[in-house]
Structure formats: C-alpha cells, structure tokens
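Trainee: In UniProt numbering, the protein residues as written are 1 to 346.
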C-alpha cells in the first residue's frame with residue numbers, strides 16, 4: 001500500500017519562544033522618548049503662562065506653544081504608529097505595539113491602551129512593573145486591551161534616521177524650554193522693575209495728589225476744583241463733581257489739607273492703594289481757623305502715564321478742633337528773681 005501525502009502546506013502558528021518581547025528597560029526608554037519632550041515643554045509653558053498677565057501677547061505665545069506640544073505628543077502616540085508602524089521612541093528602541101496575534105495595533109486600540117495606563121498608575125504603579133514578572137512582558141493595560149510589545153528587526157540606515165529625528169525632537173524641546181525660560185525671566189524682571197518704579201512714584205506723588213484733590217480756597221475755588229477733577233479718573237470724577245457742587249451750594253470757605261504720614265498698601269504697575277493720615281485747617285479768618293484731622297484710603301490708577309485717584313474712602317471722618325483764637329495759650333515764663341542788695345549775697 002502506498003501512502004499519499006498532501007502537498008498543501010499547513011499554516012502553523014509560531015510558538016511563543018520564537019517571538020521576542022520588548023524588555024522593561026526598552027519599553028521605559030521608548031515611553032520617555034515619546035512623552036518627556038512634550039511634558040517638559042507643556043510644564044514650562046504652563047508655568048510661564050501662569051506668571052504672565054493673562055491676555056497679553058506673551059501669554060498667547062506660551063499657550064500656543066503649549067497647545068502645539070500637546071498635539072504633537074498625541075499625534076506621535078496615536079496617529080504615527082498607523083502611518084509608519086511605531087512611535088518615535090519605539091522606533092528608536094526597535095519595538096512595536098501589536099495585538100496578541102501579532103497584528104499592528106490601530107489608533108483606536110492605542111488610544112484605549114493609553115487610557116488604560118491609568119489603571120497601571122492607580123494600582124500604586126504596580127501595573128507598570130508587571131512586565132518584570134509576566135512572560136509576555138505585559139502591563140495591566142496590555143492585558144486589558146490584548147496588546148503586546150514586540151521586538152522588530154530594522155535596517156541600520158532606518159535606525160540611524162530615526163535616531164536623528166529623535167535627537168532633533170529632544171533638541172527642539174530643550175531649545176523651546178530654554179527660550180521660554182529666558183522670556184519668562186525677562187518678563188518677571190521687567191514686571192518687578194515696573195512694580196518697584198510704581199511704588200516709588202506713588203510714594204512720592206500719592207500724598208501730593210490727595211492734598212490737591214481735597215484742598216481749595218474761597219478765592220480760587222474754580223481753578224482748584226478743575227485741578228482736582230483732573231486728578232480723578234473718569235469713574236470717580238462724577239462723584240467728585242457732585243461733592244464739589246454741594247460745597248459751592250453750602251458756601252465755600254478755605255479748606256487745606258496736608259499729609260502727615262502715608263503707607264503704600266499694595267501696588268502693581270498701573271494700580272496702587274495708599275493709607276494716609278491728614279491734617280488741615282478750615283476757614284478764611286485767621287482768628288477763626290478750625291483744625292482738622294482725617295484718615296483716608298486712596299486707590300490710584302495709572303492712565304497715560306499719570307496717576308489718578310480712582311476711589312477715595314474716608315476711614316476716619318474729619319474731626320474739627322478748636323479755633324486758633326480759642327486755643328489755650330502756653331503759660332508765660334516766670335518773672336526773673338530780684339537782684340540782691342549790694343554787699344549781700346556773697
């Protein structure tokens with residue numbers, strides 16, 4: 001009897017020992033190459049944007065670079081493997097993410113796998129270390145999504161090209177972080193200088209502005225009120241005009257204030273707050289002058305390079321003292337003692 005053999009080849013599945021699974025150090029290195037440049041740029045730009053005034057051109061530059069870094073990282077992790085076979089980091093390390101059957105993992109599976117890495121992290125990072133004991137070197141995310149990370153063979157020229165790209169990406173990330181840090185430093189330095197300049201200006205000009213705002217004379221009231229209005233912001237000028245009109249209706253008398261002490265409460269390049277203790281005198285007749293004391297808080301705003309009063313809050317209402325005529329006089333000095341007679345006192 002003659003045995004007849006089937007010439008049709010049988011399809012067999014390669015045993016597990018013929019598949020080379022990526023080692024834990026290779027996977028960790030690939031992940032760092034994929035994520036670290038983007039994370040560094042995002043963290044740097046977020047910190048710089050936080051220390052920069054919102055809405056300024058520099059803030060928008062930082063936010064735009066941050067958005068580009070996030071987008072580039074996501075494209076590298078989720079879209080690039082479907083186009084060239086692997087992410088930048090995995091290409092450098094010569095590894096690929098595949099299904100358990102060895103087929104390439106598509107973008108939806110890669111997205112789900114990255115989301116599932118939250119499980120690796122939530123389990124006190126045990127999932128990230130699970131490949132050290134698993135024979136297929138799988139994390140919890142791999143087990144959940146039925147994926148594996150395998151070693152693939154590539155030509156030496158392709159390896160050199162990928163390494164050049166990776167080097168260029170790392171260099172670009174470093175340059176962006178350094179440039180952003182330089183811009184941020186200049187911004188902070190300029191901000192500090194502007195604040196210090198504003199503090200010096202308001203410490204010198206603030207008391208004089210409040211004095212001119214509150215002082216007026218019966219003979220020069222029109223000019224004094226016009227000057228006071230120029231020292232107020234548009235928002236506060238309406239209230240100031242109403243107060244001036246009330247003074248004119250009641251009868252104008254000389255009113256003079258001067259600041260005896262002041263303290264800057266807060267300051268920015270275009271806003272400041274100051275606490276002032278004021279003394280003054282009221283009246284036109286020197287014999288009937290009334291002495292005044294008051295405590296006010298002045299909020300200043302800077303417009304077109306000039307400091308103006310935005311809000312004036314009276315913390316301690318003016319107290320009127322005695323007139324000059326009725327004020328107690330200082331006691332007269334005692335008369336000199338009489339001279340002793342001649343011949344005595346020796």
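Even glycine gets a Cβ: it sits at the ideal position worked out from N, Cα and C.
Could you tell me the boundaries of the beta strand (DSSP E) in which residue 271 lies?
Mentor: That run of the beta strand (DSSP E) goes 271-282.
Trainee: Throw me the rounded Cβ distance for the residue 105 and residue 147 pair, which I believe falls under 8 angstroms.
Mentor: Confirmed, about 5 angstroms.
Trainee: Helix or strand or just coil, what does DSSP make of residue 138?
Mentor: DSSP places residue 138 in coil when its eight states are reduced to three.
Trainee: Tell me where the alpha helix (DSSP H) around residue 225 begins and ends.
Mentor: Counting along the chain, the alpha helix (DSSP H) containing residue 225 begins and ends at 221-230.
Trainee: With a threshold of 7 angstroms (Cβ to nearest heavy atom), would residue 226 be considered close to the ligand FAD?
Mentor: The ligand FAD is not part of this structure, which contains no ligands at all.
Trainee: Mind checking which residues open and close the beta strand (DSSP E) that includes residue 103?
Mentor: Here residue 103 belongs to no beta strand (DSSP E), and DSSP marks it neither H nor E.
Trainee: Under the three-state reduction of DSSP, which class applies to residue 181: helix, strand or coil?
Mentor: Of the three classes helix, strand and coil, the one that applies to residue 181 here is helix, per DSSP.
Trainee: Going straight from the alpha carbon of residue 348 to that of residue 53, what length do you get?
Mentor: No answer is possible for residue 348: it lies beyond the span of the chain, which begins at 1 and ends at 346.
Trainee: What is the DSSP secondary structure of residue 354, counted as helix, strand or coil?
Mentor: Residue coverage of the chain in this structure runs from 1 to 346, which leaves residue 354 outside it and unanswerable.
Trainee: For residue 294 versus residue 311, is the C-beta spacing smaller than 8 angstroms?
Mentor: Not in contact: residue 294 and residue 311 (Cβ atoms no closer than 8 angstroms).
Trainee: Helix, strand or coil: how does DSSP classify residue 163 here?
Mentor: Helix, per DSSP.
Trainee: Take residue 225 and list the residues in its own chain whose beta-carbon comes closer than 7 angstroms to its own, dropping the five residues that flank it on each side.
Mentor: Cβ neighbours of residue 225 beyond the five flanking positions: 216, 244.
Trainee: Does residue 1 come out as helix, strand or coil in the three-state DSSP assignment?
Mentor: For residue 1, the predicted model reports a pLDDT of 40, less than 50, meaning its position is unreliable; a value from the coordinates is still stated below. Residue state, collapsed to three classes: coil.
Trainee: Below 7 angstroms CB to CB, which residues in the same chain sit around residue 24 once its five sequence neighbours on both sides are set aside?
Mentor: Cβ neighbours of residue 24 beyond the five flanking positions: 131, 132, 137.
Trainee: With distances taken between CB atoms, is the gap from residue 70 to residue 115 smaller than 8 angstroms?
Mentor: No, the pair does not count as a contact, with Cβ atoms beyond the cut-off.
Trainee: Please identify the residue among 81, 90, 88, 89 whose C-alpha is closest to the C-alpha of residue 110.
Mentor: Measuring from the Cα of residue 110, the nearest candidate turns out to be 81.
Trainee: Taking Cβ to Cβ, would you say residue 283 is nearer than 8 angstroms to residue 276?
Mentor: In this structure, residue 276 does not lie closer than 8 angstroms to residue 283 by Cβ.
Trainee: Per DSSP, which one or two residues make a beta bridge with residue 257?
Mentor: Partner(s): 280.
Trainee: Would you grab the beta carbon distance between residue 88 and residue 169 for me? Rounded to a whole angstrom, and I think it's under 8 angstroms.
Mentor: Contact holds; Cβ gap of about 6 angstroms.
Trainee: Going by DSSP in three states, residue 44 sits in which element: helix, strand or coil?
Mentor: Residue state, collapsed to three classes: helix.
Trainee: Given residue 97, which residues of its chain have a CB within under 6 angstroms of its CB, disregarding the five upstream and five downstream residues?
Mentor: Excluding residues within five positions, the ones whose Cβ falls inside 6 angstroms are 105, 147, 149.
Trainee: In whole angstroms, what is the alpha-carbon distance linking residue 349 and residue 28?
Mentor: For the chain, the structure presents residues 1 to 346; residue 349 sits outside this window and is missing.
Trainee: From residue 255 to residue 239, what does the alpha carbon distance come to, in whole angstroms?
Mentor: Whole-angstrom Cα-Cα distance: 19 angstroms.
Trainee: To the nearest angstrom, how far is it from the Cα of residue 118 to the Cα of residue 60?
Mentor: When rounded, the distance between both Cα atoms is 31 angstroms.
Trainee: Quick check: the Cα distance between residue 123 and residue 181, rounded to an integer number of angstroms?
Mentor: Their backbone Cα atoms lie some 35 angstroms apart in a straight line.
Trainee: In the DSSP assignment, find the unbroken alpha helix (DSSP H) run with residue 238 in it and report its ends.
Mentor: Taken as a continuous stretch (DSSP letters only), the alpha helix (DSSP H) holding residue 238 covers 234-250.
Trainee: So residue 303 and residue 200 are supposed to be a Cβ contact under 8 angstroms. How far apart are they, rounded?
Mentor: Rounded, the Cβ-Cβ distance is 18 angstroms, inconsistent with contact.
Trainee: Distance, Cα to Cα, residue 278 vs residue 190?
Mentor: Roughly 34 angstroms between the two C-alpha positions.
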